[in-house]
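Position in the sequence shown (first residue = 1) + 177 = this note's numbering.
Beta carbons are placed, not taken as given, at the ideal position from N, Cα and C, and that holds for glycine.
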Amino acid sequence: MSLYFNIISRKNIEHPDQPNLYYPVLKSIGMMDQEQVAERAAMGTTMNPHEIMMGVQLTTEAQLGMLLNGYSAAIGNLGWLYLTSQGRGKPNPDQLSAFDITKVNLHIKPSAETISRLKQATFIPLDRIVG
C-alpha cells in the first residue's frame with residue numbers, strides 16, 4: 178500500500194516573521210469509478226462485475242435510507258457512516274426548530290481494522306513543492 182504526498186509551503190502562523198514551513202499533504206493519484214471498483218472486486222471470485230455493482234448499488238441505497246432515518250450505517254470493514262449537523266443558535270431552546278439546521282455533514286468513522294491498515298501504508302513523495 179502506497180500513499181502519495183506533495184510538499185506544501187505555508188506561512189508559519191505562530192511566527193509570521195519567520196520563513197514558511199513545509200508540510201506533507203496527501204495527494205490522490207486518480208479516481209476509480211464504480212465500474213472499475215467492481216471489476217477489481219470481481220477478480221478472483223465467481224461473481225462478475227455487474228453482479229458486484231448491483232450489490233454495491235443496493236447496499237448504498239440501503240445505507241442512505243438508514244442515514245436518512247436516523248441510524249448510523251456500517252460500510253463493511255471500512256467503518257461507519259454517520260451524520261452531524263450545524264445550525265443557528267438561539268437564546269432559548271423553545272425557539273429552536275428544524276429550520277435552524279443549516280447544514281448536514283456526512284462523516285466516516287474508520288474501524289480499528291481500517292486504522293491498523295492505514296498505519297501500514299508507505300508514503301511516497303511526488304517530488305514537487307506546491308504553494
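Taking 9 Å as the cut-off, the beta carbon of Leu-258 is found closer than this to the beta carbon of Gln-240. Within the same chain, and ignoring the five residues on either side of Ala-298 in sequence, the residues whose Cβ sits closer than 8 Å to its Cβ are Met-178, Ser-179, Leu-180. Inclusion of Lys-286 and Gln-263 in the CB contact set at 9 Å is not warranted, their separation being larger than that value.
In this structure Ala-289 is exposed. Its beta-carbon is surrounded by fewer than 16 other beta-carbon atoms within 10 angstroms. As computed with DSSP, Asn-246 is found in no beta bridge at all. In this structure, Pro-201 lies near Pro-302, with their beta-carbon atoms less than 9 Å apart.
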